[in-house]
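Chains as they are written, first to last, in the working numbering: chain A, 1 to 355; chain B, 1 to 355. Backbone N, C-alpha and C fix where the C-beta goes; we use that ideal spot for every residue, glycine too. Source: prediction; values computed, not measured.
Protein chains: 2
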Amino acid sequence: MGKIFFTPGPTQVYDSVPHYINDAINKDICSISHRGREFQQIFQDAVSSLKKFLNVPDEFHVFFLGSATEAMERIIENCVAKCSYHFVNGSFSKRFFTIAQELGKVPQKLEADLGRGFDFGRTEIPDEAEIICFTQNETSTGTAVDVNDLNLIKENYPDKIIAVDIVSSVPYVNIDYSLIDCTFFSVQKGFGLPAGLGVLILNNKLIEKSRLLAGKGYTVGSYHNFINLLKSAEKNQTPETPNVLGIYLLGKICNELHQKGIDRIRRETDKKAEILYKFFDAHNLYKPFVNDKSVRSKTIIAINASNPQELIKKLSENGFVVGSGYGDYKNSQIRIANFPMHKISDVEEMLDHAE
Amino acid sequence: MGKIFFTPGPTQVYDSVPHYINDAINKDICSISHRGREFQQIFQDAVSSLKKFLNVPDEFHVFFLGSATEAMERIIENCVAKCSYHFVNGSFSKRFFTIAQELGKVPQKLEADLGRGFDFGRTEIPDEAEIICFTQNETSTGTAVDVNDLNLIKENYPDKIIAVDIVSSVPYVNIDYSLIDCTFFSVQKGFGLPAGLGVLILNNKLIEKSRLLAGKGYTVGSYHNFINLLKSAEKNQTPETPNVLGIYLLGKICNELHQKGIDRIRRETDKKAEILYKFFDAHNLYKPFVNDKSVRSKTIIAINASNPQELIKKLSENGFVVGSGYGDYKNSQIRIANFPMHKISDVEEMLDHAE
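As structure tokens, this is what we get:
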């Protein structure tokens, strides 16, 4: 009770979430038909609030899925006949690659060491690659791709589909939607909502590719193939009964964050990241995992610690929950999230207990 | 506000749901890690409460998905090389068949007219059928398969996988799990919960089939193939970040319903169904759509009405929300759900306004 979660996600929910949930219950949002006008309005509100807040152009579609992991699967399933290309420097970029393998494709990858970036200007992506997959912010290690690098990729490979995982950097990351074709995320990180909803934002290039593959006899999935998803989305509906409450809450939170303003959110995130990295750069025991400052994530801060469990325990006893290291780093790191619901004063107070 | 939803799903939530949600928020259930001990306990509680309540044998696995529609897709994807067999007498049984087609399989079907049952004793299912798919309760028309008929199928085809859609009949339907291999449903119907969670209950026959197909080079999906789902479930986890709140609520509701007792719930459902059918059988304007009493659903009651919108409006003005007819029957039927949260007194009061 009363703890503040600085975990990479699920994380602290926004203060207003309990209020929105109670409101939803009082308005029977959990009982209304997903084929009725009231739901269509909720769908439309969520999509338009999200697009306004994230500055997504009109021509992009928004699909609601079960998770960001499902988004990875559906992108590969709908857009890849044989070869996807992946920049892999952590567990989640690797997962995107693995999903392509599991779906019987022959993906290719460029690997970087954990905590390191890529030299995008010199990268040669093979002709057969149908889609280029980025994990813009590697949640497992707190390593970020500079969005300006997407520019280089677009210039060199203008015809390929570009898909960007922004799971743990949204809404902070400033995506120029003229340089990419698709982004996706889930709502339990920077949107501070209960888990169980994935969001896929995509343009017609992906829809056309799905149609092309389906026409050639490839299997592009069933109820959640892009053709079925689009047919429903055009009616402000989903093919199946969706997470109605989650969609409702996403609309409300996007509205609230839009009121606050994306510029202010980005400035505050930069400020908190600066405080966090400065503190740990100067610490004698705990040091940032990512050395190269140009690829340090502003939203997931990974810290090396010889005894992470001790630090996690100490912070928890003082009311702050931070994440453990991911996978192999479980016993040598902690991870601290820096999302819009995390206040500067809370960051400072938490750090007081990490001295 | 204050309306009672008799809709086929999403439907009325249980009275205790707002309380459980508030409890979950206070206990930070929406913030905890899905890889930690607290979530594992929630997962385990939900599975064991569900199994106890529905009398599911220990050897069955429980997987959490996004929806019942996803369950259909995953069953076909994991268990069918070429041919599934479907009993089709409505939109949802047809959807199961269509999903198999969309996944590139060559399904076969036996069709019955809407509102009619099947002669299972005389049905000849071809050798090449790898799985037999039932929609035990056709939500679109209120037509139910007698579970005793599953006996005939099991006797005649002991080696085939038998999958049963119990979306709109659970928990009322009394499934003998020794006669089937798999059931599935979503939580926004008889479990009276917010939508966004599908539940798949299956035995090792389906797991083995998935392994066999994967070994032969078939694509059985990625993060939600049965091998990955089982690997996670054995650790009381899910492959992706799931609908944690939904899983938590399902455990709570199963516990509550188990306290009440499944026998009592079934008796009350029978009683309410009797009241509903008796009323409409005797009505001069509105008549039950399903004539054959042996295939009338106890949980979804479809009623013919020459002007359904008028009846829907009249009931709504008096605080009762009923469903419209499905698909082609939108302008000629209404549908009334009879789930455990619907009280006998509310059924009676609603019917007073349908005179």
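### Query
At a Cβ threshold of 8 Å, is H34/A touching chain B?
yes
### Task
Determine the closest residue to E274/B out of P288/B, H258/B and G36/B, with distance taken between C-alpha atoms.
P288/B
#### Entry: Helix, strand or coil at N26/A [DSSP, three-state]
helix
#### Entry: Expected contact under 8 Å - CB spacing of L257/A and P340/A to nearest Å
6 Å
### Task
Using a Cβ cut-off of 8 Å (strictly closer), state whether I419/A contacts chain B.
Since the displayed chain A opens at 1 and closes at 355, residue 419/A lies outside it and no answer follows.
### Task
Please confirm if T219/A has its CB atom under 8 Å from at least one CB of chain B.
yes
### Query
Does the beta carbon of F5/B come closer than 8 Å to any beta carbon on chain A?
yes
### Task
Could you please tell me which residues of the stretch 99-115 of chain B, in chain order, have their CB closer than 7 Å to any CB of chain A?
I99, E102, L103 and G104
### Task
Would you please verify whether the beta carbon of P308/B is less than 8 Å from any beta carbon of chain A?
no
### Task
Please report how far the alpha carbon of C254/B lies from the alpha carbon of L50/B, in whole angstroms.
6 Å
#### Entry: Members of the stretch 25-57 of chain A near chain B, C-beta cut-off 7 Å
I25, N26, D28, C30, S31, I32, S33 and H34
### Task
Just grab the DSSP bridge partners of N304/A for me.
K287/A and Q333/A
### Task
Show which residues of chain A have a CB atom less than 9 Å away from the CB atom of G190/B.
The premise fails here: G190/B is roughly 14 Å from chain A at the closest Cβ pair, so nothing lies under 9 Å.
### Query
When the cut-off is 8 Å and only beta carbons count, does V322/A lie next to chain B?
no
### Message
Is Y223/B close to chain A? Criterion is C-beta to C-beta, closer than 8 Å.
### Response
yes
### Query
DSSP three-state call for C79/B: helix, strand or coil?
helix
### Segment limits, alpha helix (DSSP H) that includes K120/A
The identity of residue 120/A in the sequence shown is Phe, whereas the question assumes Lys. Run containing F120/A: none; DSSP gives neither H nor E here.
### Query
Curious, which full-length beta strand (DSSP E) runs of at least 3 residues does the stretch 182-230 of chain B contain?
182-186 and 198-202
### Message
Between Q12/A and chain B, is any beta-carbon pair separated by less than 8 Å?
### Response
yes
### Query
To the nearest angstrom, how far is it from the Cα of F43/A to the Cα of I247/A?
7 Å
### Message
Bridge partners for I237/A per DSSP, in chain order?
### Response
Before going on, a small fix: residue 237/A reads as Gln here, not Ile. Q237/A is not bridged to any residue.
### Task
May I ask you to list the residues that DSSP assigns as paired with Y172/A?
Paired residue(s): none; Y172/A is not in a bridge.
### Query
Between I21/B and chain A, is there a C-beta pair that is closer than 8 Å?
yes
#### Entry: Buried or exposed (CB count within 10 angstroms, at least 16 for buried), E240/A
buried
### Query
In chain A, which residues lie less than 8 Å from E73/B when you measure between Cβ atoms?
G221, S222, Y223 and H224
### Task
For H342/A, write down the residues that DSSP places opposite it in a beta bridge.
Partner(s): none; H342/A has no beta bridge.
### Task
Give me the Cα-Cα distance between I125/A and P158/A, rounded to the nearest whole angstrom.
12 Å
### Message
Closest to F87/A by C-alpha separation, out of T143/A, C79/A, E77/A and V80/A, would be which residue?
### Response
T143/A
### Query
Which residue from G115/B, V347/B and A68/B puts its Cα closest to that of C182/B?
A68/B
### Message
For the stretch 242-266 of chain A, list every residue whose C-beta sits within 8 Å of some C-beta in chain B, in sequence order.
### Response
P242, N243, V244, L245 and G246
### Message
L311/A and P334/A - do their beta-carbons sit closer together than 8 Å?
### Response
In the sequence as presented, Pro is not what sits at residue 334/A; that position holds Ile. Yes, the Cβ-Cβ distance between I334/A and L311/A is below 8 Å.
### Message
Just to confirm, is the Cβ distance from G192/A to Q12/A under 8 Å?
### Response
yes
### Task
Would you please verify whether the beta carbon of A305/A is less than 8 Å from any beta carbon of chain B?
no
### Query
Do the stretch 162-175 of chain A and the stretch 24-36 of chain A touch if we need at least three Cβ pairs shorter than 8 Å?
no
### Message
So with CB distances below 8 Å, who are the chain A contacts of A195/B?
### Response
C30, H34, T241, P242, N243, V244 and L245
### Query
Under 8 Å between C-beta atoms, does P126/A make it to chain B?
no
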